[in-house]
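Q: The structure follows.
There are 2 protein chains.
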Amino acid sequence: MDSLSEFDIIKRYFSFANTPHQLSNAHTLVGIGDDAAVIDTDNKPLVVATDTLIEGVHFPPEFLAEHVATRAMGVNLSDFAAMGATPRWMTMALSLSQADPKWLAVFSKRLSELCEQYNVALIGGDTTKINQGLVVSLTVIGETQSDSGLCLRRSGAQVGDDVWVSGSLGKGAAALQLLMPTEDLSQWVCSADDRAELLSSFYAPIPRLALGKTLIGVASAAIDISDGLVADAHHIASQSNVQIKLDGEALPVHSGLASNKNNQQVQQWVLGGGDEYELLLTVAPNQSEEIHALSSTFSLPCTKIGTVVEGTGVNVLGKGWDINNKGYTHF
Amino acid sequence: MDSLSEFDIIKRYFSFANTPHQLSNAHTLVGIGDDAAVIDTDNKPLVVATDTLIEGVHFPPEFLAEHVATRAMGVNLSDFAAMGATPRWMTMALSLSQADPKWLAVFSKRLSELCEQYNVALIGGDTTKINQGLVVSLTVIGETQSDSGLCLRRSGAQVGDDVWVSGSLGKGAAALQLLMPTEDLSQWVCSADDRAELLSSFYAPIPRLALGKTLIGVASAAIDISDGLVADAHHIASQSNVQIKLDGEALPVHSGLASNKNNQQVQQWVLGGGDEYELLLTVAPNQSEEIHALSSTFSLPCTKIGTVVEGTGVNVLGKGWDINNKGYTHF
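What follows is the structure, encoded as structure tokens:
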């Protein structure tokens, strides 16, 4: 009963409006199945994305209010980065088990700062009581770079493209293990510095908005790594009808994971851990210089980690890099 | 600590973007505090509303999947009715403790039927695991009747207007007591027919979309009764800077409540019970004929229940109609 993944559920039960006919009738340029939807409002395309964070699932119960706000915004805006879109407005569904003025004051202050930083207006929402825990769901609405609705899509990868990733990998899963350990971590002697760096990247993931916007016309496909490298590579592969070959040895493992002697665990975190919020891209080889230039402009390492070939699915090469990894699934 | 109401929380912590300067910078025509927000996307106004339903709070744990879908849609579209707006697109944040294929199949089938019925496209969302219970949060995006962004607002009530309500009152609270009793119901011998009718209106609230749209230019202010008659009348009063006088004797109490011998309880349900999803309106007296005509067109009783006078707050007149009632608050 619990063998349905999130992707199965969406595909099986919630793609009923995704036939080309329905999409066109509903003035929907991009429906269910990409990082965000794109609707067509009298020739003005708008991007819409919804993401939910749940206490005890996506962050530990003792998570500070400012981190809840920062993560909720970061995770949602990362979808906009993956579309090359600009966030503008936002509604929030906030479900709380209690109305703690101190918590609310800190949460609200941080949210307000983030809205200013990212130039996003909080326009409405719903505040409700829940029996237990905390649920924050944001719906962000924004604009595409041009009125033709041009976006980065999951479906544009071409055979012969290279595969690139921004930043480093494995940090999301590693940080989640530090915060809510479910695995044996006895082979990992994590230094205080590494711990601090991993946690800080988890508390405040940085959506790659500027990079995403400049990748329009450069990358052929893009997705943010929220479900895990392999799972998200699978999304590109299946929507582009190609196979993605990843080179395990080339993957930019976060430096904080070097102290973990359990290689298998590290590989699992790198391949299957979600919550990275880096961009996974496919790019024609003649655009490599452009990626290097953008990497330098944004002081953000970008690494070539594979190629797009004919076929289906995802193939990870390199000794010990086990492909039996489907990424993060909730159920 | 728990004395903060939902309204206090929104006002105190989440209205940071609601100054006129901020609203204008963010191209927001209507910000936090109405039934829905209205954003201005290159002179194309769009209406956005978010509503959340939580198992054990808004509906009982054994609630059927089709009722969860119908109620979630009804509650959200009721906000559009109260704005006189037309829903077009929707995202869903669905948090489930387990992925039960039977539940999902029924839920999805009903949701798909409702999307077709109301001509709303499900364009995206997020499906997540929650440790306990069920949370459905919908964000609906739609259009105003004209490109000038004309909507029904809470803030337009004028001294001298009459106050009207669609349908009947008390049914939401009564049904919730039948489903999740928290009060002594010993004086209420509810017939099977009444029970069935009350539950059916709770399972599938009918958003007054057609009425709402035709009320633009007729009603001076509108709100849907989701928090309770008095609480929602308060919203109109405070946003319009007027007092609302309600005539207790004139209130259209749902027929299913006539069998309840506990008058105080009935009055409490009528004045304070939320979940009615009727429209509360203020209308100039010279438009009374128009309201009667619309009532007849839509075969929907509309009742004159009070007047708008100078002052503040809400005043309920009539023997035994106690004003000490602030409506439904979560915390």
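Those protein sequence lines, which keep their order, are chains D and S.
My numbering puts the first residue of the first sequence at 1, with every later residue one more than the last.
My numbering puts the first residue of the second sequence at 1001, with every later residue one more than the last.
Ideal Cβ placement from N, Cα and C applies to all residues, glycine included.
Flag this pair as yes or no: are the beta carbons of D:I225 and D:V163 separated by less than 8 angstroms?
A: Going by C-beta atoms, D:I225 is not nearer than 8 angstroms to D:V163.
Q: Out of curiosity, what's the CA-to-CA distance linking S:L1229 and S:S1166?
A: Those two C-alpha atoms are separated by around 12 angstroms.
Q: Cβ closer than 7 angstroms: which chain D residues qualify as neighbours of S:Q1132?
A: Those within 7 angstroms of S:Q1132 in chain D are Q132.
Q: Name the chain S residues whose beta carbon is nearer than 7 angstroms to that of D:E6?
A: Chain S residues near D:E6: T1127.
Q: So, is the C-beta of D:P101 closer than 8 angstroms to a C-beta in chain S?
A: Interface residue, yes.
Q: Taking only beta-carbon positions, decide if S:G1313 is within less than 8 angstroms of chain D.
A: No, its Cβ sits nowhere closer than 8 angstroms to a Cβ of chain D.
Q: D:D51 touches chain S at which residues, Cβ-Cβ below 7 angstroms?
A: Under the 7 angstroms cutoff, chain S gives D1126.
Q: Just to confirm before moving on: does the CB-CB distance between D:D40 and D:D79 stay below 8 angstroms?
A: Not in contact: D:D40 and D:D79 (Cβ atoms no closer than 8 angstroms).
Q: Please confirm if the stretch 1189-1199 of chain S is in contact with the stretch 1282-1294 of chain S, defined as three or more CB-CB distances below 8 angstroms between the two stretches.
A: At 8 angstroms Cβ cutoff, the stretches do not touch.
Q: Specify the secondary structure class of D:P181 as computed by DSSP and reduced to three states.
A: Coil, per DSSP.
Q: Rounded C-beta distance between S:L1023 and S:G1033? I'm assuming under 8 angstroms.
A: The pair is not a contact, with the Cβ atoms about 11 angstroms apart (cut-off 8 angstroms).
Q: Within the continuous beta strand (DSSP E) that includes S:G1142, where are the two ends?
A: Element bounds for S:G1142: 1134-1143.
Q: Report the rounded CA-to-CA distance for S:T1128 versus D:I10, giving the unit in angstroms.
A: Their backbone Cα atoms lie some 11 angstroms apart in a straight line.
Q: Run through chain S and tell me which residues come within less than 7 angstroms of D:T139, C-beta to C-beta.
A: Near D:T139 (Cβ distances below 7 angstroms), the residues of chain S are T1050, T1091, T1139.
Q: Within the chosen definition, does the stretch 1115-1134 of chain S reach the stretch 1241-1260 of chain S through at least 3 CB pairs nearer than 8 angstroms?
A: Result no; under three Cβ-Cβ pairs closer than 8 angstroms.
Q: Verify the CB distance criterion: does D:Y277 have a CB-CB separation below 8 angstroms to chain S?
A: Judged by the 8 angstroms Cβ criterion, D:Y277 is not in contact with chain S.
Q: Name the DSSP beta bridge partners of D:I54, please?
A: Bridge partners of D:I54: D:V135.
Q: Cβ of D:V57 less than 8 angstroms from any chain S Cβ?
A: True, the Cβ-Cβ gap to chain S drops below 8 angstroms.
Q: Pick from D:T91, D:A82, D:S259: whose alpha carbon is nearest that of D:L152?
A: Here the closest residue by C-alpha is D:A82.
Q: Quick one: what's got a C-beta closer than 8 angstroms to D:P252's C-beta in the same chain, skipping five residues either side?
A: The answer, listed in chain order, is V165, G167, S168, L169, P301, T303, I305.
Q: Could you compute how far the alpha carbon of S:Q1332 sits from the alpha carbon of D:S299?
A: Past the edges of chain S, shown from 1001 to 1331, lies residue 1332 of chain S, and the structure says nothing about it.
Q: Whole angstroms are fine: how far does the CA of S:A1293 sit from the CA of D:G327?
A: Confidence at D:G327 is low in this model, with a pLDDT of 49, below 50, so the placement of that residue is unreliable and no value is reported for it.
Q: Provide the residue span of the beta strand (DSSP E) that contains D:N315, from first to last.
A: 314-317 is the extent of the beta strand (DSSP E) around D:N315.
Q: Helix, strand or coil: which one does DSSP assign to S:I1206?
A: DSSP places S:I1206 in coil when its eight states are reduced to three.
Q: Would you mind reading off the limits of the beta strand (DSSP E) that contains S:Q1243?
A: Residues 1243-1247.
Q: Residues bridged to D:K109 by DSSP?
A: DSSP output for D:K109 lists no bridge partner at all.
Q: Say whether the stretch 1179-1189 of chain S touches the stretch 1256-1267 of chain S, bearing in mind that this needs 3 or more beta-carbon pairs closer than 8 angstroms, one atom from each stretch.
A: With the cut-off at 8 angstroms, the stretch 1179-1189 of chain S and the stretch 1256-1267 of chain S touch.
Q: Spatial neighbours of S:S1015 within its chain, please: C-beta separation below 6 angstroms, excluding the five flanking residues on both sides.
A: Excluding sequence neighbours, S:S1015 sits near I1032.
Q: Hey, quick one: how far does the alpha helix (DSSP H) through D:T297 stretch, first residue to last?
A: D:T297 -> alpha helix (DSSP H) spans 288-297.
Q: What does D:G125 pair with, by DSSP beta-bridge criteria?
A: DSSP, once it has assigned bridges, lists D:M92 as partnering D:G125.
Q: Check this for me: beta carbons of D:I54 and S:I1130, under 8 angstroms apart or not?
A: Yes; because the gap between Cβ atoms is below 8 angstroms, this pair is in contact.
Q: Hey, is D:D42's beta-carbon within less than 8 angstroms of any beta-carbon in chain S?
A: Yes, contact with chain S.
Q: According to DSSP, what are the bridge partners of S:D1040?
A: DSSP, once it has assigned bridges, lists S:P1045 as partnering S:D1040.
Q: Quick check on DSSP: helix, strand or coil for S:W1103?
A: If DSSP states are grouped into helix, strand and coil, S:W1103 belongs with the helices.
Q: Would you call the CB atoms of S:A1204 and S:G1074 closer than 8 angstroms?
A: Their beta carbons are under 8 angstroms apart, which means S:A1204 touches S:G1074 by this criterion.
Q: Out of S:I1236, S:M1180, S:H1021, S:E1290, point me to the one whose CA is closest to S:P1060's CA.
A: Among S:I1236, S:M1180, S:H1021, S:E1290, the Cα nearest to that of S:P1060 is on S:M1180.
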